[in-house]
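> Below you will find the structure I want to go over with you.
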Amino acid sequence: MPKLVAVILAALLLALPAAGQDFDKGLEAYGRGDYAAALKEWRPLAEQGDAIAQALLGFMYAEGQGVPQDHAEAVKWYRRAAEQGDV
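Numbering (our numbering), first residue to last: 120 to 206.
Next up, the structure:
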């Protein structure tokens, strides 16, 4: 599973422009397995409308990484990202 996550993150980073220093901090934390720190960096970005951060929060909720597994919350974040064209 960690290899799949790395591939997904790499694809997102290559497909879209960098989202800033906070996004990068979150990515580093996620890579270390520090999901709580990644969530701390990505949630504000997601709430401000960053589609990549929204998709990643969806994934974290779907998998229960740093948060209790919550499929309804995952769908909410996936939907927000999709509404901006991130599919």
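Ideal placement from N, C-alpha and C gives every residue a C-beta, glycine not left out. If you're wondering where the values come from, they're calculated on a predicted model, not measured in any experiment.
Note down, in chain order, each residue of its chain lying with its Cβ closer than 7 angstroms to the Cβ of Ala-200, except the 5 sequence neighbours on either side.
Ala-170, Gln-173, Ala-174 and Gly-177
> Which of the three DSSP states is assigned to Ala-137 in this structure?
At Ala-137 the pLDDT is 48, less than 50, meaning the model places this residue with poor confidence and gives no usable figure here.
> Excluding the 5 residues flanking Ala-137 on each side, which residues of the same chain have their C-beta closer than 6 angstroms to its C-beta?
Because the pLDDT at Ala-137 is just 48, under 50, the model does not fix this residue reliably, and the point stays unresolved.
> Just to confirm the assignment: which complete beta strand (DSSP E) runs, minimum length 3, are found wholly within the segment 143-172?
Within the segment 143-172, no complete beta strand (DSSP E) run reaches 3 residues.
> I need the straight-line Cα distance from Gly-152 to Gly-145, nearest angstrom please.
Rounded to whole angstroms, the gap between the alpha carbons of Gly-152 and Gly-145 is 10 angstroms.
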